[in-house]
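K.L.:
Supplied in C-alpha cells, the structure appears directly below.
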Amino acid sequence: MDSISEEIIQETFANSCSSQPHVQQHDPDQQNAINIVWWTNVVCLPTIALIGLTCNLLNLLILTSNKSARRIPSWHLLVALAVFDSIFLIFATIEVTPMSIHSLVSSVAFNAFYTHIALFVRTFASTFYKASVLIVVAFNVERYVYVCHPLAAHRFCTSRRSKQAIWISFIISFICSIQWPIVYKIIECWDSHRQHSYYLIVITDNTFLQGYYKLMDYFSLFGFNVAPIILLCWLNCKLIATLRQVVDQDLNRLNNNTIFDSSTMTEQAIIDSNQQRLNANAMLFAVVALLFVCVGPQAPARLLYEYYGHYHSTAVIYTCISQQMVFLNAALNFCLYCLVSRRYRGLLKESLNHVFGSENDLFMSTGIQLKTKFTSLQSPSLITAEESHPILERRASAFH
2 MDSISEEIIQ
12 ETFANSCSSQ
22 PHVQQHDPDQ
32 QNAINIVWWT
42 NVVCLPTIAL
52 IGLTCNLLNL
62 LILTSNKSAR
72 RIPSWHLLVA
82 LAVFDSIFLI
92 FATIEVTPMS
102 IHSLVSSVAF
112 NAFYTHIALF
122 VRTFASTFYK
132 ASVLIVVAFN
142 VERYVYVCHP
152 LAAHRFCTSR
162 RSKQAIWISF
172 IISFICSIQW
182 PIVYKIIECW
192 DSHRQHSYYL
202 IVITDNTFLQ
212 GYYKLMDYFS
222 LFGFNVAPII
232 LLCWLNCKLI
242 ATLRQVVDQD
252 LNRLNNNTIF
262 DSSTMTEQAI
272 IDSNQQRLNA
282 NAMLFAVVAL
292 LFVCVGPQAP
302 ARLLYEYYGH
312 YHSTAVIYTC
322 ISQQMVFLNA
332 ALNFCLYCLV
342 SRRYRGLLKE
352 SLNHVFGSEN
362 DLFMSTGIQL
372 KTKFTSLQSP
382 SLITAEESHP
392 ILERRASAFH
C-alpha cells in the first residue's frame, strides 16, 4: 500500500515538473496565447497602473494637505479608497508583469526569489482589491443613508463608523484571500537539459484544501463581483426615487411661494429640475456601470478559463480583458468618487493654484465655503448632504 502511494506521489511530482515556464514554447496555440498575455501584462496593465497611481496620489495629496478637505463627511472612505486602490495596483503589477518577461523567468535567481513571494503578493493584491470593492459599497450605503434617511445620518454616518467600515472591509477581504498560501505549495524541479533546478507553484494534493479553495473562489466571485453590482443597483434606484420626490416637492414649494407673475421662473425651474434629475441619474448609475463593466466580467472570465483551459484563445483574451478592466476600475475610482463633487473640484483648484498659481489666485478658490448665520440655522442633515453630495444641492436650496 505504501509503495502504491509513493508511486502516485512520484507520478504527480513528475507531471508537475513537466511544466517548464523558463523554456520558450513552440506550440502555435500556446505561443499565440503567450503573446496576448505579454501585451496585456507588460504593456497594458503597467500603463493603466501608472495612470491610476498618479490619479490616486493626486487624490491623497489633495485630501491630506488641505485642512478644509477633512470636513468632507466621507473623507476617511475617500482616503481609504485611494490607498487601497494604489496598493492593489502595485501588488497586482508585481504579480502579473514579471512572469511575462522571459529574461526574468529564465533567470535561476529570480525564479527562486519570485516563486517564494508570489503567493503572498497575490494574497495582498486580492486583499486590497476586495477591500476597495467593499469601500465602494460602504461609500454608496453612506450616501443612501444621507439621502433616504437624513434623520439617521448623524448616528450612522460618522468618522467612527467610517473607520470601523474600513477595518471590517480589510479584515473580511484578508480572510477571503488567505487561501493561496494555504492551498498552494512550492516544489523544486530539475531541468536535465540546462542542468539547474527551478521552482514551481502547484496546488496541494489534499482534497479538503482543494474543496476549501473552490468554495472560497466561488464565494469571492459572487461576494465581490456579482453581489456589489446588485446591491448598488438597488441602492441607486432608491436614491433616484427619493431625489425625484425631493425635486418635485421643491418645485411645488417654489410655485406656492411665488408672489409675482412667475411663468418664466416656473418654466426655468422646471427646466432646471429636469436637468437636475438627468445629472443625478447619470451620476448614480455611473457607479453601477463602472462596477458592471470593470468588475462584472471577472465571473464569466473565470468560468471560461476553467472550461476551455489555460491556453485557449477565447479564455485567454477574455481573461486579459477582464484583468485590464479591474485595473481600470482601480484607476477610475478617483474620477468617479471625487471629481463629481463640486466641493472636491474646488479643493482641486485650490491645491493647483497653491502649487502653480499666485497668492491672488489662491483667494479666488472655491474650496472653502463660508456659512452665514442663516445657513447655520438649517437642518444639519441638509447641510451635510449638500457638502457631501452636490446632486442634492437643490434639496437645500429651497430653504435659502
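According to our numbering, the sequence shown is numbered sequentially starting from 2.
Beta carbons are placed, not taken as given, at the ideal position from N, Cα and C, and that holds for glycine.
1) Out of I52, V134 and S107, which one is the CA nearest neighbour of N226?
2) Would you say the stretch 123 to 142 touches the stretch 77 to 91, given that touching needs at least three Cβ pairs under 8 Å?
3) Ends of the alpha helix (DSSP H) at D192?
4) Determine the DSSP secondary structure at S198, reduced to helix, strand or coil.
5) For I204, count neighbouring C-beta atoms within 10 Å of its own C-beta (all shown protein chains included) and say buried if the count is 16 or more, exposed if not.
6) Using 8 Å as the threshold, is the C-beta distance between I172 and I187 below it?
7) Write down every uninterrupted run of the alpha helix (DSSP H) in the stretch 196 to 242 whose length is 4 residues or greater and which is fully enclosed by it, in chain order.
8) So F129 and I88 are in contact, right, with Cβ under 8 Å, and what is the actual spacing, rounded?
9) Using a Cβ-Cβ cut-off of 7 Å (strictly less than) and excluding sequence neighbours within five positions of E189, which residues of its own chain qualify?
10) Between W76 and chain B, is there a C-beta pair that is closer than 8 Å?
11) So the alpha helix (DSSP H) I136 belongs to, where does it begin and stop?
12) What residues in its chain sit with their C-beta under 8 Å from that of I318, if we drop five residues either side in the sequence?
13) Pick helix, strand or coil for I179, following the three-state DSSP scheme.
14) Measuring alpha carbon to alpha carbon, tell me which residue in M100, P298 and N334 is nearest W40.
15) In or out: S174 buried (at least 16 other Cβ within 10 Å) or exposed?
16) Considering V80, what are the terminal residues of the alpha helix (DSSP H) in which it resides?
17) Go through its chain and collect everything with a Cβ distance to S380's Cβ below 7 Å, but skip five positions before and after it.
18) Report buried or exposed for E307, applying the criterion of at least 16 other Cβ atoms within 10 angstroms of its Cβ.
P.N.:
Looking at the coordinates:
1) Looking up residue 226 in the sequence shown gives position 225. Considering only alpha carbons, the answer is V134.
2) yes
3) Residue numbering aside, residue 192 sits at position 191 when the sequence shown is read from its first letter. Per DSSP, D192 belongs to no alpha helix (DSSP H); it is in the beta strand (DSSP E), Y185 to D192.
4) As a first step, residue 198 must be located in the sequence shown, where it is residue number 197. Looking at S198 - three-state DSSP - the assignment turns out to be strand.
5) Within the sequence shown, residue 204 is the residue found at index 203, counting from 1. By the neighbour-count rule (16 or more Cβ atoms within 10 Å), I204 is not buried but exposed.
6) Here residue 172 is taken as the residue at index 171 of the sequence shown, counted from 1. Here residue 187 is taken as the residue at index 186 of the sequence shown, counted from 1. No, Cβ-Cβ distance for I172 and I187 is not below 8 Å.
7) 208 to 222
8) Your numbering for residue 129 matches position 128 in the sequence shown. Your numbering for residue 88 matches position 87 in the sequence shown. Yes, F129 and I88 are in contact; Cβ-Cβ is about 5 Å, under 8 Å.
9) As a position in the sequence shown, residue 189 is number 188, starting the count at 1. Only S198 and Y200 meet the Cβ criterion.
10) This model lacks chain B altogether; it includes just one protein chain.
11) Translated into the one-based positions of the sequence shown, residue 136 becomes position 135. First-last of the alpha helix (DSSP H) with I136: V109 to C149.
12) Within the sequence shown, the letter at position 317 stands for residue 318. So the list reads I37, once near-sequence residues are dropped.
13) Within the sequence shown, residue 179 is the residue found at index 178, counting from 1. In the structure shown, I179 sits in coil (DSSP, three-state: anything other than H, G, I, E or B).
14) Along the sequence shown, read from residue 1 onward, the residue named residue 40 stands at position 39. Nearest of M100, P298 and N334 to W40, Cα basis: M100.
15) The residue labelled residue 174 in the question sits at position 173 within the sequence shown. Classification for S174: buried.
16) Taking the sequence shown and counting its residues from 1, the one referred to as residue 80 is at position 79. Segment W76 to V97, the alpha helix (DSSP H) holding V80.
17) Position 379 of the sequence shown, counting from 1, holds the residue named residue 380. With a pLDDT of 35 at S380, under the threshold of 50, the modelled position of that residue is not reliable, and no figure is offered here.
18) Locating residue 307 in the sequence shown gives position 306, where the first residue counts as 1. E307 is exposed by the Cβ-count criterion.
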